[in-house]
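Protein chains in written order, with our numbering: chain A, 1 to 447; chain B, 448 to 477.
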């Protein structure tokens, strides 16, 4: 017993959700000379963009009337929709079926006399939840129109709402008018870029490429697939293939569209890879911009010195998502007993878990989550158990306590990379009364 | 399907290296 390794704990500073959002001053822009957190360095080899969480007090889409508890509940509801959509898409891909294959027959394409694309057909039903939590500000077209786009590593296509609208959701600021942009360029139906779309069609009268993207949670967009210029305050990139959506459904956080960061060939990183920035990017996400800020970086400076790497895995049927091989989870320094197949992707021999910017709460297969939950509860016998909250099932009443000890939770990846999580990444407040929950969930919830 | 969500990613810089086909984590890089 003397030689048994001591459990590893760390201190959680108890600070429940405020009764209302405090005013948070805009963080001084530590990126230096840039405006709003964008700069170009190293002779165009690095691009840095500030990201903002949709519920942050700094967000232009923030709802000042919503309480932090309401915002959290809404966030978890969005998360359920997104996780379900990813699950369905992945399972379909394992059978060689793409989610978009399910809707193609229900949509009819027609072209108006003036060449404007129109779409008719039954609309998809279901949850109309936003597909992402963080957004960037960028310029579209020439001259650039400032817009906000949701970033999403679970999507490949860049798109924004365009006039004329067959059906557009309400967005912050004016909808992009391609007629006012000198850099807007239609893509022909026979262009290679058009054929790279998962789902495309052709407007016969104008020989222009049409795209459609369905997100599986009820959200979708369809319109012209075009080339356009994107500007990031100091850096402008022309000829970016993107969707100009005339029929868009879903609550994309009032943003103008979606900035696809997925692994497919039409995502922004993939298109940049063909240009100048080496197909390397990174992001850092913060909840409330209190210490440090969220940012998205492309190019050589996107890789910090102390980075631990693990191989990216390929899913032969679905190249959108970024998979890694999670080989273990430790609680308090002890590896959990989890069967190796817990994190396998499908029956094709591939394995891995998805690293996603747009899903909030980590979902684990029940055979992995069960041991995690049990080990965490066993390591916290003195904390007053408080049942569950939303998709969380392990909560504690920490009211009246300033600091508590919780076991260290680490994720271990192939190649030795380890994410030793700060306490705030897995024990989170859910109300103003001091209730905290273990912020993991079973992937089977809501299945 | 298991997914590592953004609450667990907070405070880490998540690096996607499409050239070397690897993904990286760097703590305290926001």
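Ideal Cβ placement from N, Cα and C applies to all residues, glycine included.
- Message: Counting only C-beta atoms, is residue 69 of chain A closer than 8 Å to chain B at any point?
- Response: In the first chain, residue 69 of chain A corresponds to position 69, counting from 1. With 8 Å as the cut-off, residue 69 of chain A does not count as an interface residue toward chain B.
- Query: Taking Cβ to Cβ, would you say residue 329 of chain A is nearer than 8 Å to residue 336 of chain A?
  - Reply: For the purposes of this step, residue 329 of chain A is identified with residue 329 of the first chain, where counting begins at 1. For the purposes of this step, residue 336 of chain A is identified with residue 336 of the first chain, where counting begins at 1. Taking 8 Å as the cut-off, the Cβ atoms of residue 329 of chain A and residue 336 of chain A count as close.
- Task: Please decide whether residue 335 of chain A counts as near chain B, where near means a Cβ-Cβ distance under 8 Å.
- Result: Along the first chain, read from residue 1 onward, the residue named residue 335 of chain A stands at position 335. No, no contact with chain B.
- Measuring only between beta-carbons, confirm whether residue 308 of chain A sits less than 8 Å from chain B. Position 308 of the first chain, counted from the start, is the residue given in the question as residue 308 of chain A. Cβ-Cβ to chain B under 8 Å: yes for residue 308 of chain A.
- Query: Would you say residue 51 of chain A and residue 296 of chain A are within 8 Å of each other, going by their C-beta atoms?
  - Reply: The sequence position of residue 51 of chain A within the first chain is 51, counting from 1. The sequence position of residue 296 of chain A within the first chain is 296, counting from 1. It is a contact, given that the beta carbons lie within the stated cut-off.
- Run the CB neighbour count on residue 385 of chain A, radius 10 Å, all protein chains shown included, and call it buried at 16 or more, exposed below. Taking the first chain and counting its residues from 1, one reaches residue 385 of chain A at position 385. Result: exposed.
- Message: Report the start-end ranges of each alpha helix (DSSP H) in the stretch 363-410 of chain A that is 4 residues or longer and not cut off at the edges.
- Response: When DSSP assignments are scanned along the stretch 363-410 of chain A, the uninterrupted stretches of alpha helix (DSSP H) that are 4 or more residues long and fall wholly within it turn out to be 366-378.
- Task: For the stretch 256-309 of chain A, list the beta strand (DSSP E) runs that are entirely contained and at least 3 residues long, ordered along the chain.
- Result: Listed in chain order, the complete beta strand (DSSP E) runs (minimum 3 residues) inside the stretch 256-309 of chain A are 257-260, 280-284, 295-299.
- 8 Å Cβ cutoff met for residue 433 of chain A and residue 366 of chain A: In the first chain, residue 433 of chain A corresponds to position 433, counting from 1. In the first chain, residue 366 of chain A corresponds to position 366, counting from 1. Cβ distance not < 8 Å, so residue 433 of chain A and residue 366 of chain A don't count as in contact.
- Message: Quick check: what's the CA-CA separation for residue 124 of chain A versus residue 247 of chain A?
- Response: On the first chain, position 124 is the one that residue 124 of chain A refers to. On the first chain, position 247 is the one that residue 247 of chain A refers to. Low local confidence applies: a pLDDT of 24 at residue 124 of chain A is under 50, so the model's placement there is unreliable, with the coordinate-based value given in what follows. If you take the alpha carbons of residue 124 of chain A and residue 247 of chain A, they lie about 12 Å apart.
- Task: Tell me, to the nearest whole angstrom, how far the beta carbon of residue 414 of chain A is from that of residue 327 of chain A; I am working on the premise that it is less than 8 Å.
- Result: Here the question's residue 414 of chain A lines up with position 414 in the first chain. Here the question's residue 327 of chain A lines up with position 327 in the first chain. Their Cβ separation, rounded to whole angstroms, is 5 Å, which keeps residue 414 of chain A and residue 327 of chain A in contact under 8 Å.
- Message: At a CB distance below 9 Å, what residues from the stretch 418-429 of chain A approach chain B? Give them in sequence order.
- Response: Listed by position along the chain: 418, 419, 420, 421, 422, 424, 425, 426, 428.
- Item | Whole-angstrom distance between residue 359 of chain A and residue 78 of chain A, CA atom to CA atom | Here residue 78 of chain A is taken as the residue at index 78 of the first chain, counted from 1. Here residue 359 of chain A is taken as the residue at index 359 of the first chain, counted from 1. Cα to Cα, the separation comes out at about 9 Å.
- Item | Between the CA atoms of residue 380 of chain A and residue 252 of chain A - distance to the nearest angstrom | Looking up residue 252 of chain A in the first chain gives position 252. Looking up residue 380 of chain A in the first chain gives position 380. C-alpha separation (whole angstroms): 39 Å.
- Along the chain, where does the alpha helix (DSSP H) that runs through residue 88 of chain A open and close? Translated into the one-based positions of the first chain, residue 88 of chain A becomes position 88. Run containing residue 88 of chain A: 68-94, per the alpha helix (DSSP H) assignment.
- Query: Around the Cβ of residue 409 of chain A, are there at least 16 other Cβ atoms within 10 angstroms (buried) or fewer (exposed)?
  - Reply: The residue given as residue 409 of chain A occupies position 409 in the first chain. Flag for residue 409 of chain A reads buried.
- At a Cβ threshold of 8 Å, is residue 29 of chain A touching chain B? Counted from its first residue, the first chain places residue 29 of chain A at position 29. Confidence at residue 29 of chain A is low in this model, with a pLDDT of 34, below 50, so the placement of that residue is unreliable and no value is reported for it.
- Item | Top-ranked residue by Cα proximity to residue 48 of chain A, from A:67, A:299, A:388, A:338 | For the purposes of this step, residue 48 of chain A is taken as residue 48 along the first chain, with counting starting at 1. For the residues A:67, A:299, A:388, A:338, the minimum Cα distance to residue 48 of chain A belongs to A:299.
- Cβ pair residue 338 of chain A, residue 448 of chain B closer than 8 Å: The sequence position of residue 338 of chain A within the first chain is 338, counting from 1. The sequence position of residue 448 of chain B within the second chain is 1, counting from 1. Cβ distance not < 8 Å, so residue 338 of chain A and residue 448 of chain B don't count as in contact.
- Message: According to DSSP, simplified to helix, strand and coil, what is residue 123 of chain A?
- Response: Along the first chain, one-based indexing puts residue 123 of chain A at 123. Annotation note: pLDDT 20 at residue 123 of chain A (below 50); position unreliable, no value reported.
- Would you kindly check if the distance between the Cβ of residue 215 of chain A and the Cβ of residue 250 of chain A is under 8 Å? The sequence position of residue 250 of chain A within the first chain is 250, counting from 1. The sequence position of residue 215 of chain A within the first chain is 215, counting from 1. Result yes, Cβ atoms of residue 250 of chain A and residue 215 of chain A sit closer than 8 Å.
- Query: Is the Cβ of residue 364 of chain A closer than 8 Å to any Cβ of chain B?
  - Reply: By one-based count along the first chain, residue 364 of chain A stands at place 364. It does: the Cβ of residue 364 of chain A has a partner Cβ on chain B nearer than 8 Å.
- Between residue 230 of chain A and residue 151 of chain A, which are expected to be in contact by the criterion C-beta below 8 Å, what is the C-beta distance as a whole number of angstroms? Translated into the one-based positions of the first chain, residue 230 of chain A becomes position 230. Translated into the one-based positions of the first chain, residue 151 of chain A becomes position 151. Contact annotation, residue 230 of chain A with residue 151 of chain A: C-beta distance approximately 13 Å; criterion of less than 8 Å not satisfied.
- Per DSSP, residue 222 of chain A is paired with what? Reading the first chain from its first residue, position 222 is the one you call residue 222 of chain A. DSSP lists A:212, A:247 as partners of residue 222 of chain A.
- Message: If contact is defined by three or more beta carbon pairs under 8 Å, each pair taking one atom from either stretch, is the stretch 454-473 of chain B in contact with the stretch 303-311 of chain A?
- Response: Segment contact: the stretch 303-311 of chain A against the stretch 454-473 of chain B, three or more CB-CB distances shorter than 8 Å; contact assigned.
- Task: Indicate whether at least one CB of chain B lies closer than 8 Å to the CB of residue 142 of chain A.
- Result: The residue labelled residue 142 of chain A in the question sits at position 142 within the first chain. No, residue 142 of chain A does not count as interfacial toward chain B.
- Message: Please give the ranges of any beta strand (DSSP E) in the stretch 127-163 of chain A, keeping only runs that are unbroken, at least 3 residues long and fully inside the region.
- Response: 134-140, 145-152, 159-161
- Query: I think residue 80 of chain A touches residue 391 of chain A, with their Cβ atoms under 8 Å apart; what is that distance to the nearest whole Å?
  - Reply: Here residue 80 of chain A refers to the residue found at position 80 of the first chain. Here residue 391 of chain A refers to the residue found at position 391 of the first chain. Confirmed, about 7 Å.
- Message: My output table needs one value for residue 340 of chain A: the three-state DSSP class, helix, strand or coil.
- Response: As a working note, residue 340 of chain A is residue 340 in the first chain. Three-state result, residue 340 of chain A: helix.
- Pull up the distance between the alpha-carbon of residue 394 of chain A and that of residue 14 of chain A, whole angstroms please. For the purposes of this step, residue 394 of chain A is taken as residue 394 along the first chain, with counting starting at 1. For the purposes of this step, residue 14 of chain A is taken as residue 14 along the first chain, with counting starting at 1. Taking the Cα positions, residue 394 of chain A is about 16 Å away from residue 14 of chain A.
- Message: Considering only the alpha carbon of each residue, which of A:174, A:162, A:170 lies closest to residue 224 of chain A?
- Response: Taking the first residue of the first chain as 1, we reach residue 224 of chain A at position 224. With distances taken between Cα atoms, residue 224 of chain A lies closest to A:162.
- Message: Using a 10 Å radius around the Cβ and a threshold of 16 neighbouring Cβ atoms, would you call residue 190 of chain A buried or exposed?
- Response: As a position in the first chain, residue 190 of chain A is number 190, starting the count at 1. So residue 190 of chain A ends up on the exposed side.
- So residue 49 of chain A is in the beta strand (DSSP E); what residue range does that whole segment cover? Residue numbering aside, residue 49 of chain A sits at position 49 when the first chain is read from its first letter. Residues 46-50.
- Task: Below 8 Å on the Cβ atoms is my guess for residue 331 of chain A versus residue 375 of chain A; work out the distance and round it to an integer in Å.
- Result: As a working mapping, residue 331 of chain A is identified with position 331 in the first chain. As a working mapping, residue 375 of chain A is identified with position 375 in the first chain. Between residue 375 of chain A and residue 331 of chain A the Cβ distance is about 4 Å, and since that is below 8 Å, they are a contact.
- Task: Go ahead and pull the three-state DSSP assignment for residue 24 of chain A.
- Result: Reading the first chain from its first residue, position 24 is the one you call residue 24 of chain A. For residue 24 of chain A, the predicted model reports a pLDDT of 42, less than 50, meaning its position is unreliable; a value from the coordinates is still stated below. Coil at residue 24 of chain A, not helix or strand.
- Item | Ranges of the alpha helix (DSSP H) found wholly within the stretch 167-209 of chain A, counting only runs of at least 4 | Within the stretch 167-209 of chain A, the alpha helix (DSSP H) runs of at least 4 residues that lie entirely inside it are, in chain order, 192-195.
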